[in-house]
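Participant: Please find one structure pasted underneath; my questions will follow.
There are 4 protein chains.
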Amino acid sequence: MPEREIRALQERVYRANMALRELGLVVATFGNVSGIHRPSGTVAIKPSGVVYDELSPESMVLVDLDNRVVEGTLNPSSDTRTHVRLYARFPEIGGIVHTHSKYATAWAQARRALPCFGTTHADIFYGEVPCTAVMRDEQISRDYEEETAVQILETFERWDYRSTPGVLVACHGPFTWGNTPAQAVYHSQVLEYVAEMALASLLLTPELGGIKKSLLDKHYLRKHGADAYYGQKSPGAGRDEPG
Amino acid sequence: MPEREIRALQERVYRANMALRELGLVVATFGNVSGIHRPSGTVAIKPSGVVYDELSPESMVLVDLDNRVVEGTLNPSSDTRTHVRLYARFPEIGGIVHTHSKYATAWAQARRALPCFGTTHADIFYGEVPCTAVMRDEQISRDYEEETAVQILETFERWDYRSTPGVLVACHGPFTWGNTPAQAVYHSQVLEYVAEMALASLLLTPELGGIKKSLLDKHYLRKHGADAYYGQKSPGAGRDEPG
Amino acid sequence: MPEREIRALQERVYRANMALRELGLVVATFGNVSGIHRPSGTVAIKPSGVVYDELSPESMVLVDLDNRVVEGTLNPSSDTRTHVRLYARFPEIGGIVHTHSKYATAWAQARRALPCFGTTHADIFYGEVPCTAVMRDEQISRDYEEETAVQILETFERWDYRSTPGVLVACHGPFTWGNTPAQAVYHSQVLEYVAEMALASLLLTPELGGIKKSLLDKHYLRKHGADAYYGQKSPGAGRDEPG
Amino acid sequence: MPEREIRALQERVYRANMALRELGLVVATFGNVSGIHRPSGTVAIKPSGVVYDELSPESMVLVDLDNRVVEGTLNPSSDTRTHVRLYARFPEIGGIVHTHSKYATAWAQARRALPCFGTTHADIFYGEVPCTAVMRDEQISRDYEEETAVQILETFERWDYRSTPGVLVACHGPFTWGNTPAQAVYHSQVLEYVAEMALASLLLTPELGGIKKSLLDKHYLRKHGADAYYGQKSPGAGRDEPG
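Here the protein sequences line up with chains A, B, C and D, keeping their order. Read in numbering that gives the first Met the number 0, the first sequence has 163 at position 164, and its numbers run on one by one without any break. Read in numbering that gives the first Met the number 0, the second sequence has 141 at position 142, and its numbers run on one by one without any break. Read in numbering that gives the first Met the number 0, the third sequence has 112 at position 113, and its numbers run on one by one without any break. Read in numbering that gives the first Met the number 0, the fourth sequence has 87 at position 88, and its numbers run on one by one without any break.
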């Protein structure tokens with residue numbers, strides 16, 4: 000492992016974990032962020048069940064893509080197997096976030112996909128955010144966290160993980176991902192925000208449908224792809240990731 | 000351009016943008032404030048997609064009424080064409096705000112006009128706040144931000160922009176305006192507040208109708224027009240704008 | 000007017016106004032607190048439309064029971080006539096608060112009395128908090144703020160203002176009162192809190208009725224009257240007023 | 000009483016009471032935490048109706064298991080008899096919390112048990128959190144706080160207090176307990192959080208049922224019992240209690 004790059008990864012993952020709390024996306028210790036160093040296949044992830052005030056960059060546990068701890072004395076997050084499996088199957092992502100944020104979790108508990116009701120949503124997620132099936136009993140009796148990844152991956156056989164950087168795991172809560180840990184946090188923040196607005200929208204218009212394809216295309220492609228024109232071209236000012 | 004007045008405008012627009020965030024009306028970078036210097040036709044507006052902590056008065060981009068950047072190295076807000084078009088058609092306004100604030104956006108997503116259910120609303124908005132039609136496909140394929148202004152202006156053929164200083168753009172979110180950037184922010188703040196209360200009121204009484212004309216007149220005219228008696232006559236204490 | 004007592008009153012009223020904002024009960028300048036010095040019939044009240052950061056004890060306007068300003072260069076709150084009229088008719092109160100707090104206002108806008116669904120409510124309000132009738136057109140065309148008091152007083156012909164220290168003015172918002180300005184603020188705080196919980200309770204059980212009389216009596220009388228046993232008997236620790 | 004241990008208990012109970020407020024679980028003085036020193040049967044509990052800013056470790060009142068004050072000049076919490084009775088009947092607990100937190104109280108007011116809709120809930124509460132029956136009139140006329148404990152204990156004839164560390168008292172609010180005062184606070188925090196999410200979930204899917212037994216078992220037993228694997232084995236990093 001290239002020492003300097005790994006330390007920088009731990010620092011980014013630590014900061015992203017702290018940002019989760021500052022953004023109000025976690026209660027107690029229920030949430031975790033990881034990041035990956037692709038060349039060496041090393042994942043840095045929050046330790047399991049440690050309070051936020053005791054976290055530090057060095058306490059981010061390092062694991063390899065076989066779920067083995069390669070550095071660190073603490074247990075990695077209990078969700079590590081889910082993260083690692085997603086890294087293996089989503090080659091273009093650099094960070095993953097799992098939270099129990101209120102409204103995204105409420106949709107996951109209600110076992111409903113989150114429709115795209117407006118441009119706030121369409122700017123980040125290209126259409127509805129899917130909800131997985133409820134896990135089957137034989138899956139639960141196997142490796143639970145591994146099977147959580149299986150649930151997500153089965154769902155994404157019909158979705159593109161690059162334009163839909165998040166999912167609701169039924170009865171559980173959201174996972175999001177992105178190019179970096181910070182971008183994955185940003186996607187969790189927007190997901191929670193649009194999940195809350197979507198509930199309010201439904202209370203106002205119970206039969207509400209998602210926005211039409213032409214508007215979805217316009218907004219998503221305003222920020223993503225070759226013809227994007229939102230934001231700054233200069234370095235230091237990102238397109239869909241603040242900071 | 001008269002240098003000193005333009006710098007003062009940038010300062011006011013900068014402060015109004017920061018106030019948006021302090022008031023909890025923006026998530027991430029989703030929101031922008033502009034102001035206009037009427038004599039020279041110069042608009043100062045937030046740059047596109049820059050995080051709030053990196054904003055400064057000087058970073059407020061200057062554009063003319065033909066949407067050309069006249070000063071600044073950053074791209075102006077992607078919504079600039081909407082702002083500029085509104086300034087051209089609403090001659091008495093000095094500031095415009097666009098947000099994705101939660102409850103105003105929920106009403107916009109639900110594609111419903113916001114009824115006037117009480118005096119908090121009536122103090123600022125003289126009756127319901129309209130919701131535009133959903134944009135037609137041929138509009139979306141043209142200049143999207145320009146057409147957002149078209150949607151607003153079509154709506155205001157039947158409304159007075161001076162007594163209804165805001166609108167809900169269907170599937171998108173609210174725009175508000177005012178004499179100054181600060182007053183436009185104030186109108187966004189009140190719009191969000193009454194949008195939240197209106198949803199709660201509807202949950203309590205689903206068939207609720209707006210307040211009657213006599214009460215609306217009384218409250219709106221208590222604060223606006225020749226016979227207004229709310230607030231202070233002395234300078235430094237505004238009528239419907241705090242600070 | 001006894002100078003020292005009046006200054007102390009202004010100080011208390013100023014602090015109570017600032018507490019309103021700290022408790023999140025006001026948006027912008029929408030809210031006011033007054034207090035009365037009974038021996039001289041002098042009321043201290045927030046000036047109209049002044050931002051909170053510019054308030055001071057000295058800026059609390061002094062008016063007499065005929066609504067005449069007896070000291071101060073600022074206009075008193077536009078709601079002053081309502082306050083003064085209530086002081087005249089509710090001889091045992093020392094402070095009055097008016098807010099547009101979110102949930103209490105939502106109930107007022109929905110034109111519904113707030114039922115007593117639990118002990119949090121019953122500890123302060125002895126049964127439901129009534130909602131006035133909507134003001135009649137001939138009242139609106141007269142002195143609006145005076146008639147707001149008339150609406151409240153008509154409602155309290157059938158209620159005891161001492162055990163129900165608050166009211167919802169239809170289409171408008173709540174007024175509360177108490178022995179002191181601070182206690183009136185406390186009653187506004189609890190009213191807002193129980194108004195929010197009551198909406199959530201109704202969403203869970205739409206046909207929910209108020210708590211039974213025996214439980215209401217038990218809780219209210221635990222804190223009020225000769226047999227109260229909640230709190231401390233010693234000075235400095237109040238019964239139903241914190242601080 | 001062993002002096003040093005009792006002082007340490009008061010310190011823990013004081014900190015837990017302050018944490019309640021920091022977590023936003025109390026309005027005004029409506030909430031209390033106690034802790035017990037099992038060897039001597041001494042309970043430390045918040046004094047009644049004292050504002051939070053005036054609390055200190057020494058002001059935590061000491062009572063014995065017969066409800067007699069053994070040290071302290073302030074009255075203990077009016078709910079002391081409820082706490083003491085629960086300590087007597089739940090031998091494995093070390094701390095108790097009572098709050099009027101918004102959403103848990105809304106469920107209590109709606110007189111509904113809180114279903115387990117997801118893993119956030121299942122991690123702490125092994126299935127639904129029960130709601131007591133409404134107190135009978137003859138109970139109310141007896142010792143009210145004693146009878147509150149009776150209501151809870153009748154409910155727990157059919158539940159295990161160790162795997163369901165909390166209850167909703169009908170028309171009143173939640174009580175939670177734990178190994179320590181801090182853990183009992185943690186359980187109140189999670190209860191409030193899942194109560195809010197459960198309401199949102201029901202608004203999305205009104206006919207929603209609880210999660211299936213296999214998933215409940217998996218999540219609860221991931222954190223509790225001999226085969227738990229969440230968190231750290233090392234001291235200083237708890238299993239289901241942060242800090």
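The beta carbon of each residue, even a glycine, is placed where N, CA and C say it ideally should be. Model, not experiment: these values are computed from the prediction.
#1: Report all residues from its chain with a CB closer than 6 Å to the CB of A/R20; omit the five preceding and five following residues, and keep chain order.
#2: Pick from D/V26, D/L61, D/S39, D/V25: whose alpha carbon is nearest that of D/Q9?
#3: Which partner residues of B/S33 appear in the DSSP bridge assignment?
#4: Please identify the residue among B/V49, B/G117, B/K217, B/S55 whose C-alpha is closest to the C-alpha of C/R141.
#5: Using a Cβ-Cβ cut-off of 7 Å, state whether C/L73 counts as contacting chain B.
#6: Leaving out the 5 sequence neighbours to the left and right, which residues in its chain are closer than 6 Å to C/W106 when beta-carbon positions are compared?
#7: Which residue from C/D78, C/L85, C/E57 puts its Cα closest to that of C/R37?
#8: Can you tell me whether C/G34 is buried or exposed, with buried defined as 16 or more other CB within 10 angstroms of its CB?
#9: Taking only beta carbons into account, state which residues of the segment 75-109 of chain C come closer than 8 Å to chain B, listed in chain order.
#10: So which residues on chain B does C/V26 lean against when the C-beta distance must stay under 8 Å?
#11: In its own chain, which residues sit with a C-beta less than 7 Å from the C-beta of D/D159, not counting the 5 before and 5 after it?
#12: Would you kindly work out how many angstroms separate the C-alpha atoms of A/L243 and B/S55, rounded to a whole number?
#13: Output yes if chain D places a C-beta closer than 7 Å to the C-beta of C/I210; else output no.
#14: Using a Cβ-Cβ cut-off of 6 Å (strictly less than) and excluding sequence neighbours within five positions of A/F116, which residues of its own chain qualify?
#15: What did DSSP end up calling C/R238 once you bin it into helix, strand or coil?
#16: Within 10 angstroms of the Cβ of B/Y228, are there 16 or more other Cβ atoms? Answer buried if so, exposed if not.
#17: Mark C/R135 as exposed unless 16 or more other C-beta atoms lie within 10 angstroms of its C-beta, in which case mark it buried.
#18: So if DSSP puts A/L167 in a beta bridge, which residue, or which two residues, is it bridged to?
#19: So with CB distances below 9 Å, who are the chain B contacts of A/L220?
#20: So, helix, strand or coil for A/L19, using DSSP?
#21: In chain order, what residues of the same chain lie with their CB nearer than 6 Å to the CB of A/V96, ignoring the 5 residues before and after it?
#22: Got a sec, what are the start and stop residues for the alpha helix (DSSP H) D/D63 sits in?
#23: Quick one: which chain A residues come within Cβ less than 9 Å of D/Y228?
#24: Use the C-beta contact count for C/P1: other C-beta atoms within 10 angstroms, 16 or more gives buried, fewer gives exposed.
#25: Quick check: what's the CA-CA separation for A/R221 versus A/D122?
#26: Under 7 Å between C-beta atoms, does C/M196 make it to chain D?
#27: The ligand SAH and D/V128: does any heavy atom of the ligand fall closer than 6 Å to the residue's C-beta?
#28: Kindly indicate if chain D contains any beta-carbon less than 7 Å away from that of C/A18.
#29: In the DSSP assignment, what are the bridge partners of C/P75?
#30: Using the Cβ count rule (16 or more neighbours within 10 Å means buried), how would you classify C/S233?
#31: Let me check one thing: in DSSP terms, what residues is C/E144 bridge-paired to?
#32: Determine the burial state of A/G30: buried for a count of at least 16 other Cβ atoms within 10 Å of its Cβ, exposed for fewer.
#33: Would you list the one or two residues that DSSP bridges to A/E137?
#34: Would you say B/D136 reaches chain A, if we count a Cβ-Cβ gap shorter than 7 Å as a contact?
#35: Name the two residues that bound the continuous alpha helix (DSSP H) containing A/D122.
Facilitator: With the structure as the only source:
#1: If you number the first sequence from 1, residue 20 of chain A lands on position 21. Excluding sequence neighbours, A/R20 sits near Y51.
#2: The residue you call residue 9 of chain D lines up with position 10 of the fourth sequence. For the residues D/V26, D/L61, D/S39, D/V25, the minimum Cα distance to D/Q9 belongs to D/L61.
#3: In the second sequence, the residue the question calls residue 33 of chain B occupies position 34. Bridge partners of B/S33: B/I44, B/I95.
#4: Reading the third sequence from its first residue, position 142 is the one you call residue 141 of chain C. The shortest Cα separation from C/R141 among B/V49, B/G117, B/K217, B/S55 belongs to B/K217.
#5: Here residue 73 of chain C is taken as the residue at index 74 of the third sequence, counted from 1. Yes, because at least one Cβ of chain B sits closer than 7 Å to the Cβ of C/L73.
#6: In the third sequence, the residue the question calls residue 106 of chain C occupies position 107. Cβ neighbours of C/W106 beyond the five flanking positions: L113, L167, A194.
#7: Within the third sequence, the letter at position 38 stands for residue 37 of chain C. C/R37 has its Cα closest to that of C/L85, out of C/D78, C/L85, C/E57.
#8: On the third sequence, position 35 is the one that residue 34 of chain C refers to. Result: buried.
#9: S77, H99, K101, Y102, T104, A105, W106, A107, Q108, A109
#10: Within the third sequence, residue 26 of chain C is the residue found at index 27, counting from 1. By Cβ distance, chain B contributes T119, Q188, V189, Y192.
#11: Taking the fourth sequence and counting its residues from 1, one reaches residue 159 of chain D at position 160. Closer than 7 Å at the Cβ level, and outside the excluded window around D/D159, lies no residue.
#12: The question about residue 243 of chain A has no answer here: the residues shown for chain A are numbered 0 through 242.
#13: Within the third sequence, the letter at position 211 stands for residue 210 of chain C. Cβ-Cβ to chain D under 7 Å: yes for C/I210.
#14: Here residue 116 of chain A refers to the residue found at position 117 of the first sequence. Hits under 6 Å: A197, S200.
#15: Within the third sequence, numbered from 1, the residue matching residue 238 of chain C stands at position 239. Its pLDDT being 40, under 50, C/R238 is placed unreliably in this model, and the value from its coordinates should be taken loosely. Coil at C/R238, not helix or strand.
#16: Numbered from its first residue, the second sequence carries residue 228 of chain B at position 229. B/Y228 should be labelled exposed.
#17: What you label residue 135 of chain C is simply residue 136 of the third sequence in a count that begins at 1. Exposed, by the Cβ-count rule.
#18: Reading the first sequence from its first residue, position 168 is the one you call residue 167 of chain A. BP columns for A/L167 point to A/C130, A/P173.
#19: For the purposes of this step, residue 220 of chain A is identified with residue 221 of the first sequence, where counting begins at 1. Correct list: empty, because the minimum Cβ distance to chain B is about 10 Å.
#20: Indexing the first sequence from 1 puts residue 19 of chain A at position 20. DSSP places A/L19 in helix when its eight states are reduced to three.
#21: Start at 1 with the first residue of the first sequence, and residue 96 of chain A comes out as number 97. Counting only Cβ-Cβ distances below 6 Å, and skipping sequence neighbours, we find V32, T175, A183, V184, S187.
#22: On the fourth sequence, position 64 is the one that residue 63 of chain D refers to. Here D/D63 belongs to no alpha helix (DSSP H), and DSSP marks it neither H nor E.
#23: Within the fourth sequence, the letter at position 229 stands for residue 228 of chain D. Within chain A, the residues near D/Y228 are S47, N74, S77.
#24: Along the third sequence, read from residue 1 onward, the residue named residue 1 of chain C stands at position 2. Exposed, since its Cβ has fewer than 16 Cβ neighbours within 10 Å.
#25: By one-based count along the first sequence, residue 221 of chain A stands at place 222. By one-based count along the first sequence, residue 122 of chain A stands at place 123. The straight-line gap from Cα to Cα measures roughly 8 Å.
#26: Position 197 of the third sequence, counting from 1, holds the residue named residue 196 of chain C. Yes - at least one Cβ of chain D is within 7 Å of the one on C/M196.
#27: The model depicted lacks the ligand SAH and carries no ligand whatsoever.
#28: Locating residue 18 of chain C in the third sequence gives position 19, where the first residue counts as 1. Taking Cβ atoms only, chain D never reaches closer than 7 Å to C/A18, which makes this a no.
#29: Within the third sequence, the letter at position 76 stands for residue 75 of chain C. DSSP, once it has assigned bridges, lists C/P46 as partnering C/P75.
#30: For the purposes of this step, residue 233 of chain C is taken as the residue at position 234 of the third sequence. Because C/S233 carries a pLDDT of 47, less than 50, the predicted location of this residue cannot be relied on, and no value is offered for it.
#31: In the third sequence, counting from the first residue as 1, residue 144 of chain C sits at position 145. For C/E144, which the question treats as bridged, DSSP gives no partner whatsoever.
#32: The sequence position of residue 30 of chain A within the first sequence is 31, counting from 1. With 16 or more Cβ atoms within 10 Å of its Cβ, A/G30 is classed as buried.
#33: The residue labelled residue 137 of chain A in the question sits at position 138 within the first sequence. A/E137 pairs with nothing; no bridge assigned.
#34: Working through the second sequence from its first residue, we reach residue 136 of chain B at position 137. True, the Cβ-Cβ gap to chain A drops below 7 Å.
#35: Indexing the first sequence from 1 puts residue 122 of chain A at position 123. No alpha helix (DSSP H) contains A/D122, which DSSP labels as neither H nor E.
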